[in-house]
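*Asks:* Residue numbers 269 to 541, in my numbering, belong to the letters of the sequence shown in order.
We put the CB at the ideal spot given by N, CA and C, even for glycine.
Because the structure is a prediction, the values reported are computed rather than measured.
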Amino acid sequence: MRISRLTPWAAALAAAALFAVPAAASAGQQRTATAGTPTAAAAADPYADYYASAQGKTGAALKTALHGIIKNQSKVSYDGVWNALKVTDQDPANPNNVILVYSGRSQSKSTNGGGVNDWNREHVWAKSHGDFGTATGPGTDLHHLRPEDVTVNSTRGNKDFDKGGSPVSEAPGSLTDADSFEPRDAVKGDVARMLLYMAVRYDGGDGFADLELNDKVNNGSAPLFGRLSLLKQWNQMDPPDAFEQRRNQVIFDTYQHNRNPFIDHPEWVNSIW
(Lines of atoms letter the chains of each structure in order from A; the text may use other names.)
(Lines give C-alpha, C1' and ligand atoms only; values in the text may rest on other atoms or scores of the structure.)
Protein backbone atom coordinates (compact mmCIF):
# COMPACT_ATOMS: atom_id res chain seq x y z
CA MET A 269 0.00 0.00 0.00
CA ARG A 270 1.25 3.50 -0.76
CA ILE A 271 -0.63 5.12 2.11
CA SER A 272 0.48 6.39 5.50
CA ARG A 273 -0.09 4.26 8.56
CA LEU A 274 -1.74 7.33 10.08
CA THR A 275 -4.51 7.68 7.49
CA PRO A 276 -8.11 6.56 8.19
CA TRP A 277 -7.71 3.98 5.43
CA ALA A 278 -5.00 2.15 7.40
CA ALA A 279 -7.30 1.54 10.33
CA ALA A 280 -10.06 0.34 8.02
CA LEU A 281 -7.77 -2.03 6.17
CA ALA A 282 -6.38 -3.35 9.43
CA ALA A 283 -9.92 -4.15 10.50
CA ALA A 284 -10.46 -5.90 7.18
CA ALA A 285 -7.49 -8.12 7.85
CA LEU A 286 -9.17 -9.34 11.04
CA PHE A 287 -12.47 -9.98 9.28
CA ALA A 288 -12.61 -13.61 8.19
CA VAL A 289 -12.93 -14.38 4.48
CA PRO A 290 -13.09 -17.81 2.87
CA ALA A 291 -9.60 -19.20 2.39
CA ALA A 292 -10.39 -20.46 -1.09
CA ALA A 293 -11.35 -16.96 -2.21
CA SER A 294 -8.16 -15.31 -1.07
CA ALA A 295 -5.63 -18.08 -1.62
CA GLY A 296 -5.18 -17.39 -5.33
CA GLN A 297 -4.70 -13.68 -4.64
CA GLN A 298 -2.04 -14.20 -1.99
CA ARG A 299 0.29 -16.66 -3.75
CA THR A 300 3.24 -15.92 -5.95
CA ALA A 301 3.89 -17.70 -9.21
CA THR A 302 6.91 -19.46 -7.72
CA ALA A 303 6.67 -21.26 -4.40
CA GLY A 304 3.23 -20.20 -3.24
CA THR A 305 4.73 -17.78 -0.70
CA PRO A 306 2.86 -14.49 -0.13
CA THR A 307 4.71 -11.54 -1.61
CA ALA A 308 5.30 -8.37 0.38
CA ALA A 309 2.67 -6.61 -1.73
CA ALA A 310 0.11 -9.34 -1.16
CA ALA A 311 0.81 -9.31 2.56
CA ALA A 312 -0.05 -5.60 2.64
CA ASP A 313 -2.85 -5.89 0.09
CA PRO A 314 -4.66 -9.25 -0.17
CA TYR A 315 -6.14 -8.15 -3.50
CA ALA A 316 -2.86 -7.13 -5.16
CA ASP A 317 -3.17 -9.78 -7.86
CA TYR A 318 -6.79 -8.85 -8.62
CA TYR A 319 -5.78 -5.21 -9.14
CA ALA A 320 -2.39 -5.93 -10.73
CA SER A 321 -3.14 -4.11 -13.99
CA ALA A 322 -4.18 -0.97 -12.08
CA GLN A 323 -1.12 -0.67 -9.85
CA GLY A 324 0.91 2.49 -10.31
CA LYS A 325 -1.74 4.27 -12.39
CA THR A 326 -3.61 7.48 -11.61
CA GLY A 327 -6.33 9.62 -13.17
CA ALA A 328 -8.04 8.46 -16.35
CA ALA A 329 -5.56 5.60 -16.76
CA LEU A 330 -6.49 4.20 -13.35
CA LYS A 331 -10.20 4.52 -14.09
CA THR A 332 -9.76 2.69 -17.40
CA ALA A 333 -7.71 -0.07 -15.78
CA LEU A 334 -10.25 -0.59 -12.99
CA HIS A 335 -13.08 -0.75 -15.52
CA GLY A 336 -11.20 -3.47 -17.38
CA ILE A 337 -10.92 -5.46 -14.16
CA ILE A 338 -14.41 -5.12 -12.67
CA LYS A 339 -16.38 -5.50 -15.92
CA ASN A 340 -15.61 -9.21 -15.75
CA GLN A 341 -18.54 -10.37 -13.65
CA SER A 342 -21.42 -12.79 -13.37
CA LYS A 343 -24.87 -11.24 -13.42
CA VAL A 344 -27.89 -11.70 -11.17
CA SER A 345 -31.52 -11.57 -12.28
CA TYR A 346 -33.78 -8.95 -10.71
CA ASP A 347 -35.74 -11.68 -8.94
CA GLY A 348 -32.45 -13.16 -7.76
CA VAL A 349 -31.58 -9.85 -6.08
CA TRP A 350 -34.14 -10.56 -3.32
CA ASN A 351 -32.32 -13.63 -2.03
CA ALA A 352 -28.88 -12.13 -2.64
CA LEU A 353 -29.63 -9.11 -0.45
CA LYS A 354 -30.69 -11.43 2.36
CA VAL A 355 -27.10 -12.68 2.36
CA THR A 356 -25.09 -9.56 1.48
CA ASP A 357 -26.90 -7.32 3.99
CA GLN A 358 -27.48 -9.80 6.79
CA ASP A 359 -27.49 -8.31 10.29
CA PRO A 360 -24.27 -9.50 11.99
CA ALA A 361 -26.16 -9.67 15.28
CA ASN A 362 -29.23 -11.51 13.93
CA PRO A 363 -28.94 -13.86 10.93
CA ASN A 364 -32.71 -13.74 10.44
CA ASN A 365 -32.61 -10.04 9.62
CA VAL A 366 -31.16 -7.56 7.13
CA ILE A 367 -29.95 -4.01 7.85
CA LEU A 368 -31.82 -1.32 5.93
CA VAL A 369 -29.32 1.06 4.37
CA TYR A 370 -30.81 4.51 5.09
CA SER A 371 -32.99 3.55 8.04
CA GLY A 372 -30.34 1.52 9.85
CA ARG A 373 -33.14 -0.72 11.08
CA SER A 374 -32.70 -4.46 11.52
CA GLN A 375 -35.68 -6.13 9.88
CA SER A 376 -36.79 -9.68 9.20
CA LYS A 377 -35.56 -11.08 5.90
CA SER A 378 -39.03 -12.49 5.28
CA THR A 379 -40.70 -9.04 5.16
CA ASN A 380 -39.50 -8.17 1.67
CA GLY A 381 -42.19 -6.92 -0.69
CA GLY A 382 -44.15 -3.83 -1.61
CA GLY A 383 -46.35 -3.21 1.42
CA VAL A 384 -46.01 -0.46 3.99
CA ASN A 385 -43.13 -1.31 6.36
CA ASP A 386 -41.87 -4.06 4.04
CA TRP A 387 -38.37 -3.68 2.65
CA ASN A 388 -37.60 -3.60 -1.05
CA ARG A 389 -34.68 -3.18 -3.46
CA GLU A 390 -33.20 0.30 -3.39
CA HIS A 391 -31.15 1.36 -6.40
CA VAL A 392 -28.60 3.71 -4.84
CA TRP A 393 -27.75 4.85 -8.37
CA ALA A 394 -31.37 5.57 -9.26
CA LYS A 395 -32.32 3.51 -12.30
CA SER A 396 -33.84 6.53 -14.08
CA HIS A 397 -30.39 8.18 -14.23
CA GLY A 398 -29.40 6.48 -17.45
CA ASP A 399 -32.78 4.80 -18.01
CA PHE A 400 -31.49 1.27 -17.36
CA GLY A 401 -34.51 0.16 -15.34
CA THR A 402 -34.21 -3.33 -13.88
CA ALA A 403 -32.37 -4.79 -16.85
CA THR A 404 -29.71 -7.35 -16.00
CA GLY A 405 -26.55 -5.28 -15.69
CA PRO A 406 -26.71 -1.93 -13.87
CA GLY A 407 -30.33 -2.61 -12.93
CA THR A 408 -29.36 -5.73 -10.99
CA ASP A 409 -25.79 -4.94 -9.92
CA LEU A 410 -25.55 -5.88 -6.25
CA HIS A 411 -22.77 -3.39 -5.63
CA HIS A 412 -25.37 -0.59 -5.57
CA LEU A 413 -28.55 -2.43 -4.55
CA ARG A 414 -29.48 -2.37 -0.86
CA PRO A 415 -32.51 -3.29 1.28
CA GLU A 416 -34.62 -0.31 2.35
CA ASP A 417 -38.01 0.41 3.87
CA VAL A 418 -40.62 0.83 1.13
CA THR A 419 -41.70 4.28 2.34
CA VAL A 420 -38.16 5.57 2.74
CA ASN A 421 -37.25 4.20 -0.69
CA SER A 422 -40.17 6.14 -2.16
CA THR A 423 -39.13 9.32 -0.32
CA ARG A 424 -35.61 9.06 -1.69
CA GLY A 425 -36.97 8.40 -5.20
CA ASN A 426 -34.40 9.29 -7.85
CA LYS A 427 -32.94 12.30 -6.05
CA ASP A 428 -29.26 13.13 -6.25
CA PHE A 429 -27.24 13.20 -3.03
CA ASP A 430 -26.57 16.48 -1.27
CA LYS A 431 -26.66 18.01 2.21
CA GLY A 432 -29.64 19.35 4.09
CA GLY A 433 -33.41 19.21 4.15
CA SER A 434 -36.04 17.88 6.53
CA PRO A 435 -35.78 14.69 8.61
CA VAL A 436 -36.94 11.53 6.85
CA SER A 437 -39.57 9.54 8.72
CA GLU A 438 -38.32 6.01 9.50
CA ALA A 439 -34.73 6.93 8.58
CA PRO A 440 -33.15 8.66 11.60
CA GLY A 441 -30.30 10.95 10.62
CA SER A 442 -31.32 11.14 6.96
CA LEU A 443 -32.56 14.40 5.41
CA THR A 444 -34.33 15.28 2.18
CA ASP A 445 -35.63 18.24 0.21
CA ALA A 446 -37.19 18.73 -3.21
CA ASP A 447 -34.13 17.70 -5.22
CA SER A 448 -31.74 15.83 -2.94
CA PHE A 449 -31.29 13.21 -0.25
CA GLU A 450 -28.70 13.04 2.54
CA PRO A 451 -28.17 9.60 4.12
CA ARG A 452 -27.31 9.05 7.77
CA ASP A 453 -23.66 9.56 8.69
CA ALA A 454 -22.91 5.86 9.19
CA VAL A 455 -23.49 5.07 5.50
CA LYS A 456 -22.38 8.26 3.78
CA GLY A 457 -19.15 6.62 2.67
CA ASP A 458 -21.00 3.46 1.60
CA VAL A 459 -23.28 5.53 -0.64
CA ALA A 460 -20.32 7.39 -2.14
CA ARG A 461 -18.38 4.22 -2.92
CA MET A 462 -21.43 2.55 -4.52
CA LEU A 463 -21.89 5.50 -6.89
CA LEU A 464 -18.18 5.69 -7.65
CA TYR A 465 -18.19 1.99 -8.51
CA MET A 466 -21.09 2.49 -10.93
CA ALA A 467 -19.29 5.35 -12.68
CA VAL A 468 -16.30 3.08 -13.32
CA ARG A 469 -18.11 -0.17 -14.08
CA TYR A 470 -20.56 1.25 -16.69
CA ASP A 471 -18.77 3.33 -19.31
CA GLY A 472 -21.05 3.02 -22.32
CA GLY A 473 -20.38 -0.62 -23.14
CA ASP A 474 -22.65 -3.62 -22.51
CA GLY A 475 -25.46 -1.79 -24.31
CA PHE A 476 -25.94 0.61 -21.38
CA ALA A 477 -25.35 4.33 -20.92
CA ASP A 478 -22.02 5.79 -19.82
CA LEU A 479 -22.66 6.56 -16.15
CA GLU A 480 -20.72 9.55 -14.84
CA LEU A 481 -20.59 11.75 -11.75
CA ASN A 482 -20.95 15.52 -11.72
CA ASP A 483 -21.34 18.27 -9.12
CA LYS A 484 -25.03 18.98 -9.70
CA VAL A 485 -28.46 17.91 -8.53
CA ASN A 486 -31.61 17.66 -10.65
CA ASN A 487 -29.85 15.38 -13.13
CA GLY A 488 -33.18 13.85 -14.12
CA SER A 489 -32.92 11.00 -16.64
CA ALA A 490 -29.37 11.89 -17.73
CA PRO A 491 -26.79 9.17 -16.92
CA LEU A 492 -25.29 11.51 -14.32
CA PHE A 493 -25.23 11.66 -10.52
CA GLY A 494 -24.17 14.29 -8.03
CA ARG A 495 -22.72 15.81 -6.06
CA LEU A 496 -19.24 14.50 -6.77
CA SER A 497 -17.44 16.94 -4.45
CA LEU A 498 -19.64 15.83 -1.55
CA LEU A 499 -19.28 12.13 -2.36
CA LYS A 500 -15.50 12.55 -2.17
CA GLN A 501 -15.87 14.10 1.27
CA TRP A 502 -18.16 11.28 2.42
CA ASN A 503 -15.72 8.66 1.17
CA GLN A 504 -13.05 10.19 3.40
CA MET A 505 -15.15 10.91 6.50
CA ASP A 506 -16.74 7.42 6.59
CA PRO A 507 -14.12 4.78 5.70
CA PRO A 508 -15.18 1.20 4.85
CA ASP A 509 -16.24 -0.75 7.94
CA ALA A 510 -16.48 -4.50 8.53
CA PHE A 511 -20.10 -4.67 7.27
CA GLU A 512 -19.23 -3.00 3.96
CA GLN A 513 -16.07 -5.09 3.55
CA ARG A 514 -17.93 -8.33 4.22
CA ARG A 515 -20.59 -7.30 1.72
CA ASN A 516 -17.96 -6.70 -0.96
CA GLN A 517 -16.42 -10.10 -0.26
CA VAL A 518 -19.75 -11.96 -0.40
CA ILE A 519 -20.61 -10.38 -3.75
CA PHE A 520 -17.18 -11.38 -5.04
CA ASP A 521 -17.22 -14.92 -3.67
CA THR A 522 -20.83 -15.93 -4.24
CA TYR A 523 -22.60 -13.76 -6.80
CA GLN A 524 -20.88 -11.44 -9.26
CA HIS A 525 -17.21 -12.37 -8.78
CA ASN A 526 -16.13 -8.75 -9.12
CA ARG A 527 -15.23 -6.22 -6.45
CA ASN A 528 -15.90 -2.59 -5.61
CA PRO A 529 -12.35 -1.20 -5.84
CA PHE A 530 -13.16 1.81 -3.67
CA ILE A 531 -13.95 -0.41 -0.70
CA ASP A 532 -10.59 -2.13 -1.08
CA HIS A 533 -8.73 1.09 -1.97
CA PRO A 534 -10.65 4.21 -0.85
CA GLU A 535 -7.60 6.34 -1.66
CA TRP A 536 -8.15 5.64 -5.37
CA VAL A 537 -11.14 8.02 -5.32
CA ASN A 538 -8.88 11.07 -5.10
CA SER A 539 -6.47 9.50 -7.55
CA ILE A 540 -9.20 9.44 -10.23
CA TRP A 541 -11.40 12.43 -9.41
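Count the other CB atoms, across all protein chains shown, that sit within 10 Å of the CB of Q375; report buried if there are 16 or more and exposed otherwise.
*Replies:* Its Cβ being crowded by 16 or more others within 10 Å, Q375 is buried.
*Asks:* Excluding the 5 residues flanking A460 on each side, which residues of the same chain have their C-beta closer than 6 angstroms to its C-beta?
*Replies:* Counting only Cβ-Cβ distances below 6 angstroms, and skipping sequence neighbours, we find L499, W502 and N503.
*Asks:* Following the continuous alpha helix (DSSP H) through S437, name the residue where it begins and the one where it ends.
*Replies:* Careful: S437 lies outside any alpha helix (DSSP H) and carries neither H nor E.
*Asks:* Taking buried to mean at least 16 other C-beta atoms within 10 Å of its own C-beta, is N528 buried or exposed?
*Replies:* Buried, since its Cβ has 16 or more Cβ neighbours within 10 Å.
*Asks:* Only counting the same chain, and skipping five residues up and downstream in sequence, which positions put a Cβ closer than 6 angstroms to that of H412?
*Replies:* So the list reads V392, W393, M462 and M466, once near-sequence residues are dropped.
*Asks:* Please report how far the alpha carbon of N362 lies from the alpha carbon of A329, in whole angstroms.
*Replies:* Answer to the nearest angstrom: the Cα atoms are 42 angstroms apart.
*Asks:* Using DSSP's beta-bridge definition, name the partner residues of L498.
*Replies:* None, per the DSSP bridge assignment.
*Asks:* Per DSSP, what kind of secondary structure is V366 in: helix, strand or coil?
*Replies:* Here V366 sits in strand by DSSP.
*Asks:* Would you identify the three-state DSSP class for E450, choosing helix, strand or coil?
*Replies:* The answer is strand: DSSP assigns E450 an E or B state.
*Asks:* Excluding the 5 residues preceding and the 5 following I531 in the sequence, name in chain order all residues of the same chain whose CB lies nearer than 7 angstroms to its CB.
*Replies:* Same-chain partners within the cutoff: R461, P508, E512, Q513 and N516.
*Asks:* Name the one or two DSSP bridge partners that P415 has.
*Replies:* For P415, which the question treats as bridged, DSSP gives the partners R389.
*Asks:* Among residues of its own chain, excluding the 5 on either side of L443, which ones have a beta-carbon nearer than 7 angstroms to its beta-carbon?
*Replies:* Around L443: G432, G433, S434, P435, V436 and E450.
*Asks:* Tell me the residue span of the alpha helix (DSSP H) that contains S539.
*Replies:* Where S539 is concerned, the enclosing alpha helix (DSSP H) stretches over W536 to I540.
*Asks:* Under the DSSP definition of a beta bridge, which residues are partnered with N380?
*Replies:* Looking at the DSSP assignment, N380 forms a beta bridge with W387.
*Asks:* Give me the Cα-Cα distance between K322 and S539, rounded to the nearest whole angstrom.
*Replies:* What sits at residue 322 in the sequence shown is Ala, not Lys. Taking the straight line joining both Cα atoms gives about 12 angstroms.
*Asks:* If you follow the alpha helix (DSSP H) that H335 is part of, which residue opens it and which one closes it?
*Replies:* Looking at the DSSP string, the run of the alpha helix (DSSP H) that includes H335 is G327 to I338.
*Asks:* Keeping to the same chain, check which residues put their C-beta closer than 7 angstroms to that of K325; ignore five residues upstream and five downstream.
*Replies:* Around K325: A333.
*Asks:* Out of G405, P406, T404 and E438, which has the shortest C-alpha to C-alpha gap to T419?
*Replies:* Among G405, P406, T404 and E438, the Cα nearest to that of T419 is on E438.
*Asks:* Let's test the definition: count the other Cβ atoms within 10 Å of the Cβ of A446 and tell me whether it reaches 16, buried, or not, exposed.
*Replies:* With fewer than 16 other Cβ atoms within 10 Å, it is exposed.
*Asks:* Can you give me the C-alpha to C-alpha distance between A490 and K484, rounded to a whole angstrom?
*Replies:* In a straight line, the C-alpha of A490 is about 12 angstroms away from that of K484.
*Asks:* Here's the rule: buried if 16 or more other CB atoms are within 10 angstroms of the residue's CB, otherwise exposed. What is H525?
*Replies:* Exposed.
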